[in-house]
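Here the protein sequences line up with chains Y, D and E, keeping their order.
With our numbering applied, the first sequence corresponds to residues 73 to 285, in that order.
With our numbering applied, the second sequence corresponds to residues 73 to 285, in that order.
With our numbering applied, the third sequence corresponds to residues 73 to 285, in that order.
Contents: one structure, followed by commentary.
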Amino acid sequence: MFISTTFIEVITILGTAAFSASAVLAANDREIDLFSIIVLGIIAAVGGGTIRDCLLDTPVFWAEDMSYIYIASASAIVCFYTISFLKKKWISEIYLYIDAIAIAMFCIQGTEKAWALGFGLPVAPVILGTMTAVGGGIVRDIILQRPSLILSKELYAIPVCLGAIIHAVTLAYLPDYSEISALAAAFVIIYLRHLSIQKNLVVPNWALLNLKK
Amino acid sequence: MFISTTFIEVITILGTAAFSASAVLAANDREIDLFSIIVLGIIAAVGGGTIRDCLLDTPVFWAEDMSYIYIASASAIVCFYTISFLKKKWISEIYLYIDAIAIAMFCIQGTEKAWALGFGLPVAPVILGTMTAVGGGIVRDIILQRPSLILSKELYAIPVCLGAIIHAVTLAYLPDYSEISALAAAFVIIYLRHLSIQKNLVVPNWALLNLKK
Amino acid sequence: MFISTTFIEVITILGTAAFSASAVLAANDREIDLFSIIVLGIIAAVGGGTIRDCLLDTPVFWAEDMSYIYIASASAIVCFYTISFLKKKWISEIYLYIDAIAIAMFCIQGTEKAWALGFGLPVAPVILGTMTAVGGGIVRDIILQRPSLILSKELYAIPVCLGAIIHAVTLAYLPDYSEISALAAAFVIIYLRHLSIQKNLVVPNWALLNLKK
């Protein structure tokens with residue numbers, strides 16, 4: 073037990089808040105009201121896990137613990153009134169790192185939940201882990217009529233999926249090392265996000281096709 | 073028992089028809105075929121309750137009683153061939169009031185269904201009540217690639233959410249008065265929709281941020 | 073037992089591959105990466121059946137048999153690197169016929185699955201059968217921000233729905249003839265798609281309304 077429960081709780085709170093904040097940032101350049109922002113914030117924060125729980129046919133996680141809804145709502149309200157502050161370079165960078173840690177954790181939690189339920193082993197947990205982390209953002213983008221984050225050249229969903237694969241492979245072949253693999257998967261996700269944020273690393277050319285040609 | 077079952081049935085039929093009609097009105101200015109309109113009408117009419125039932129993990133309501141599908145289909149067909157009539161000012165005003173009564177009733181029913189199942193009390197029933205009333209419209213807008221009603225300045229989802237909150241608070245603290253609170257919640261929703269329809273009341277400025285700034 | 077299990081398996085594999093390929097073709101004219109294409113391919117291939125299984129409250133089909141995910145992924149990868157070949161006229165025609173056979177089969181399977189579970193007989197199986205065949209394409213179009221296939225004048229969802237109706241009517245009144253009706257429904261779907269592909273048959277004018285007028 074390397075990872076303390078308190079640490080996971082802190083990341084869960086910060087991550088839920090960061091996901092909700094992403095809705096305010098994504099709604100940038102629009103005239104939008106506080107209610108819409110709260111709705112979008114909640115969707116961005118819990119959407120991915122909600123789809124996961126529907127597919128797993130388990131009770132929706134936020135109905136069991138409403139604090140996710142409270143945190144997402146509070147974060148959306150705070151961000152709504154501090155948007156100009158949020159747009160400051162150093163703040164938005166902190167935000168990106170909190171988001172990176174959050175997608176890493178939610179991805180691993182989603183992968184583990186699906187694995188524990190024996191859902192379509194060994195590949196489906198990778199899909200559900202990725203969906204837990206990025207599903208809310210996809211629904212947020214659909215409602216905002218923005219280009220989907222899943223289609224972006226930015227390294228966002230790919231690191232998440234890689235992390236889920238690392239963790240699923242370990243759960244399959246070395247289940248005793250699941251905690252080390254969770255840390256390794258988180259490291260890979262956060263490090264790739266770091267390269268994306270700092271070095272503007274994008275999808276390499278061999279994996280990119282301009283379908284116009 | 074102030075509210076008769078017959079009255080509720082009449083509202084359910086009129087409300088389902090009005091929700092389905094909203095798809096024809098939303099598809100305005102497009103070349104669209106009858107089949108697409110029926111599909112959109114059914115989605116607008118039963119979409120919100122369907123998402124609610126998936127989250128609640130209860131059988132989908134329209135599979136238990138197919139009359140929702142029949143009414144939505146019939147309404148879509150009739151509206152398709154009478155669209156120029158529907159666009160007349162006095163007709164579209166009647167439509168807006170039927171819709172207002174319908175969102176009030178579906179919101180209260182959704183809140184009560186979630187409450188009765190003990191789903192994430194006390195806040196989740198508010199979310200599901202609101203979703204029951206506006207979820208179908210959101211999916212309709214997504215398929216039609218229109219700006220989502222949830223992002224509109226019009227007072228539509230906000231009155232619904234307010235009504236759900238009123239009803240949920242009463243269910244929590246004064247459960248014996250649930251019928252009075254259902255009427256009060258419906259009154260608030262319909263009255264705010266009335267102000268929106270007649271006086272063009274929109275989201276107040278303090279709750280509205282032009283994120284462009 | 074006219075239809076051999078092997079035949080059904082071959083169609084399932086070809087059909088899943090064709091659905092996944094549709095994502096590559098739909099992403100035409102965009103800069104898109106391999107990972108996004110795999111995600112879209114999987115969504116297009118299994119999306120419809122996933123929504124069906126959520127509504128039926130049965131385990132998601134691809135979690136029980138991961139080969140759907142493998143086939144969809146492999147097809148997306150192959151199509152990604154052979155897109156210029158896929159666009160050749162004779163290849164894209166073969167693709168359209170494989171797709172036609174696939175929507176016929178998935179529609180019939182979806183109708184039968186809902187019927188066997190007694191889900192909202194007799195109309196809901198028609199809805200779920202249609203959704204199984206076209207639901208994945210609808211979600212694909214939403215994520216790609218393309219006009220929804222359900223709104224297109226092309227005869228695509230309508231033949232599917234017709235086939236589902238034929239099969240549901242037989243299951244209701246002549247259950248002993250379900251295999252003949254499955255063949256008849258498939259024939260109707262494939263023949264109407266053939267007319268659409270070869271003769272450019274579209275929705276007739278009486279069922280088409282230019283709502284601009």
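A virtual CB, placed ideally from N, CA and C, is assigned to each residue, including glycine.
Item: Please list the partners that Phe-107 of chain E has in chain Y, where partner means a Cβ-to-Cβ separation under 8 Å.; Value: Ala-229, Ile-230, Cys-233, Val-275 and Ala-279
Item: Let me check understanding here. Comparing Cα to Cα, which of D:Ser-108, D:Gln-181, D:Ile-262 and D:Ala-205 lies closest to His-239 of chain D?; Value: D:Gln-181
Item: Name the chain Y residues that come within less than 8 Å of Pro-131 of chain E, Cβ to Cβ?; Value: Asp-129
Item: I need the DSSP call for Ala-90 of chain Y, collapsed to helix, strand or coil.; Value: helix
Item: In terms of residues, what are the limits of the alpha helix (DSSP H) holding Glu-165 of chain D?; Value: 161-188
Item: Which of the three DSSP states, helix, strand or coil, is assigned to Asp-137 of chain D?; Value: coil
Item: Less than 8 Å between the C-beta atoms of Leu-86 of chain D and Ala-174 of chain D, yes or no?; Value: yes
Item: Report the neighbours of Met-203 of chain E on chain Y: residues whose CB is nearer than 7 Å to its CB, in chain order.; Value: Those do not exist, as Met-203 of chain E stays about 15 Å from chain Y at its closest Cβ, beyond 7 Å.
Item: Nearest chain Y C-beta to Ala-176 of chain E closer than 8 Å, yes or no?; Value: no
Item: So what does Glu-81 of chain E bridge to, in DSSP terms?; Value: Beta-bridge pairing links Glu-81 of chain E to no other residue.
Item: Flag this pair as yes or no: are the beta carbons of Cys-179 of chain E and Thr-204 of chain E separated by less than 8 Å?; Value: yes
Item: If we count the other Cβ atoms within 10 Å of its Cβ and call it buried at 16 or more, is Pro-276 of chain Y buried or exposed?; Value: exposed
Item: At 4 residues or longer, and completely inside the stretch 195-278 of chain Y: list those alpha helix (DSSP H) runs for me, N to C.; Value: 196-215, 229-245 and 250-271
Item: Is it the case that the Cβ atoms of Ile-269 of chain D and Leu-168 of chain D are separated by a distance below 8 Å?; Value: yes
Item: With distances taken Cα to Cα, identify the nearest neighbour of Ala-257 of chain D among D:Tyr-245, D:Cys-151 and D:Cys-233.; Value: D:Cys-233
Item: Look at the Cβ atom of Ala-89 of chain E, then the Cβ atom of Ser-147 of chain E, and state whether they are nearer than 8 Å.; Value: yes
Item: With 16 as the cutoff for other CB atoms within 10 Å, does Gly-190 of chain Y come out buried or exposed?; Value: exposed
Item: Report yes or no: do the stretch 125-144 of chain D and the stretch 122-135 of chain Y share at least 3 C-beta pairs separated by less than 8 Å?; Value: yes
Item: Of the residues D:Val-211, D:Leu-221, D:Asp-171 and D:Ser-220, which one's Cα is nearest the Cα of Leu-265 of chain D?; Value: It should be pointed out that residue 265 of chain D corresponds to Arg in this sequence rather than to Leu. Closest by alpha carbon: D:Asp-171.
Item: Pop quiz: Ile-115 of chain E and Arg-212 of chain E are said to be a contact at Cβ under 8 Å. What is the actual Cβ separation, rounded to whole angstroms?; Value: 6 Å
Item: Which residues in chain E sit within 7 Å of Ser-220 of chain Y, going by Cβ to Cβ distance?; Value: Ile-215
Item: Answer with buried or exposed for Ser-92 of chain Y, where buried requires no fewer than 16 other C-beta atoms within 10 angstroms of its C-beta.; Value: buried
Item: So with CB distances below 7 Å, who are the chain C contacts of Val-195 of chain D?; Value: Within the model displayed, chain C is absent; protein chains Y, D and E are what it includes.
Item: At least one CB of chain Y closer than 8 Å to the CB of Cys-179 of chain D: is that the case?; Value: no
Item: At a Cβ cut of 8 Å, what residues of the stretch 110-121 of chain D count as close to chain Y, listed as they run along the chain?; Value: none
Item: If distances are taken between C-alpha atoms only, which option among E:Tyr-249, E:Lys-225, E:Gly-235 and E:Glu-251 comes closest to Ile-104 of chain D?; Value: E:Lys-225
Item: Are the CB atoms of Ile-110 of chain E and Ser-145 of chain E nearer to each other than 8 Å?; Value: yes
Item: So which residues of chain Y does Cys-151 of chain E contact, with C-beta pairs closer than 9 Å?; Value: Those within 9 Å of Cys-151 of chain E in chain Y number zero; the least Cβ separation is about 10 Å.
Item: Suppose the cutoff is 8 Å on Cβ atoms and the five residues either side in sequence are ignored; what does the same chain contact list for Ile-261 of chain D look like?; Value: Ala-172, Ile-175, Ala-176, Cys-179, Pro-231, Val-232, Leu-234 and Gly-235
Item: Please report how far the alpha carbon of Ile-199 of chain E lies from the alpha carbon of Ala-186 of chain E, in whole angstroms.; Value: 9 Å
Item: Run through DSSP, which three-state label would Asp-129 of chain Y get?; Value: coil
Item: Please check if any C-beta of chain Y sits within less than 8 Å of the C-beta of Ser-268 of chain D.; Value: no
Item: Whose Cβ in chain D lies nearer than 7 Å to the Cβ of Ala-135 of chain Y?; Value: Phe-191, Gly-192 and Ala-196
Item: Can you tell me where the alpha helix (DSSP H) holding Leu-158 of chain Y begins and where it ends?; Value: 155-158
Item: Considering only the alpha carbon of each residue, which of E:Val-118, E:Ile-222, E:Arg-102 and E:Glu-165 lies closest to Glu-136 of chain E?; Value: E:Val-118
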